[in-house]
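Quick note on our numbering: the sequence shown kicks off at 9 and runs consecutively. In this text, a Cβ means the ideal position worked out from N, Cα and C, and glycines have one as well. These notes concern the structure reproduced below.
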Amino acid sequence: MSNAESLAKRERQVMDILYRRGEATAQEVMEDMPEPPTYSAVRALLATMMEKGLVEYRKDSRRYIYRPAVPEKKAKRSALKQLLSTFFDGKPEKLVAALLDPKDQQLSTEEIERIRTLIDKKD
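Listed below in structure tokens is the structure:
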């Protein structure tokens, strides 16, 4: 795994933690991470994420409390658009076809029904 992939993975982990908690200190983020890096690495990661506009902070006496700078729904949409353009030529139907490929997985009747409901809401 390259450093860029590792950083992206850690960034996703931090965002998941912050979305779940709402806000957290670097220590809390570190405690929630699987196989956490050092405290200073978490602080450096949060600083990088602040520069990218992913996270913001407020000061509470001497502690920095971090929170997502982007609403979760907007972040998900952005990630999905990137996924679509990178792997599926920007075509949602190609993504759905990949998800529905019987060689990859079998959907339950309930899952198919939920998908139909979502599609019907779009009409």
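> Would Q21 count as contacting chain D if we go by Cβ distances under 8 Å?
Replying inline: Protein chains in the displayed structure number just one, and chain D is not present.
>> Assess contact between the region 61-71 and the region 42-49, defined as three or more Cβ pairs (one per stretch) separated by less than 8 Å. Is contact present?
In response: Result no; under three Cβ-Cβ pairs closer than 8 Å.
>> So if DSSP puts P76 in a beta bridge, which residue, or which two residues, is it bridged to?
In response: The beta-bridge partner set that DSSP reports for P76 consists of V63.
> Quick one: Cα of V22 to Cα of K89, how far?
Replying inline: The C-alpha of K89 is placed about 21 Å away from the C-alpha of V22.
>> In the DSSP assignment, the alpha helix (DSSP H) including P100 goes from what residue to what residue?
In response: Taken as a continuous stretch (DSSP letters only), the alpha helix (DSSP H) holding P100 covers 100-108.
> Given A77, which residues of its chain have a CB within under 7 Å of its CB, disregarding the five upstream and five downstream residues?
Replying inline: Cβ neighbours of A77 beyond the five flanking positions: G61, L62, V63, E64.
> Span of the alpha helix (DSSP H) holding D97?
Replying inline: Following the DSSP letters along the chain, one finds D97 in no alpha helix (DSSP H), marked with neither H nor E.
>> Does R70 come out as helix, strand or coil in the three-state DSSP assignment?
In response: Correct three-state label for R70: coil.
> Tell me the DSSP bridge mates of A32?
Replying inline: In the DSSP assignment, A32 forms a beta bridge with Y74.
> By the 10 Å Cβ neighbour count, where 16 or more other Cβ atoms means buried, how is V104 classified, buried or exposed?
Replying inline: Classification for V104: exposed.
> Three-state secondary structure (DSSP) at T46?
Replying inline: T46: coil per DSSP, three-state reduction.
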